[in-house]
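Heads up, the thing below is written out as structure tokens.
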Amino acid sequence: MDLKQQKQEEFNQNYQAGLTAFEQGKYRLSVQYLELANQASVPGTRISGEVKIWLVTAYQAAGRLQDGLSLCRQLTQYPHPEIRKQAQRLLYILEAPRLNRPKEWMTEIPDLAKTPETVQYLNSSGSPSRSTPSPPAIKPVEQSGVNAQDNKFIWVALLAALLTIGGLIWFS
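Structural data, given as structure tokens:
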């Protein structure tokens, strides 16, 4: 395997690992992999620009907003027009003012792990036992309650279908 193929394989592995880490919410790990992929990519290409766009997003998600803004501003001058356009849109979003939410819009979720009942339950049993619920029992149907007699519905439905088709042919 020559050096170019090895570098391409390294790029692909780091890029995919970075995207996977990002999708799993592991933003710092995603930044590490995407930075490695960025170093292994060929500058000025579309795929290199895509890596940088993902890196901007990962920076923002990892709390490194200034790094993301700096890289995004550089990408607005990128040679590939589609990457430039994406960078401009992303920069517009990143530079947008943060909205202050009123306190009444927020719902406070209590921490149930700290309630006295939960603490007492955990202390008394050591660890909660897990039991698998049994599936509900299926009751067999009594044959005496089932009407197995033919009710001629199929003939009524067939007659209605034939009349409909005949009417469509007749009036067309």
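For this note's numbering, count along the sequence shown from 1 and bump the result up by 15. All C-beta atoms, glycine included, are put in the ideal place defined by N, C-alpha and C. Just so we're clear, the structure is a prediction, and the values are computed from it rather than from any experiment.
Helix, strand or coil at residue i according to DSSP, with G and I counted as helix
i      : result
ASN29  : helix
ALA77  : coil
TYR42  : helix
PRO131 : helix
ARG113 : coil
LYS22  : helix
GLY182 : helix
SER187 : coil
TYR93  : coil
VAL156 : coil
ASN166 : coil
ASP126 : coil
Alpha-carbon to alpha-carbon, residue j and residue i
i     : j      : result
ILE62 : MET121 : 40 Å
VAL66 : PRO117 : 37 Å
PHE37 : ALA111 : 23 Å
GLU50 : LEU70  : 7 Å
LEU86 : THR147 : 51 Å
Sequence-distant residues of the same chain with beta carbon closer than 8 Å to residue i, five excluded per side
i     : result
ARG99 : LEU90, THR91, GLN92, TYR93
CB of residue i within 8 Å of CB of residue j, strictly
i      : j      : result
LEU106 : ARG88  : yes
TYR30  : ALA76  : no
LEU84  : LEU114 : no
Same chain, Cβ closer than 7 Å to residue i, neighbours up to 5 away in sequence not counted
i     : result
LYS19 : none
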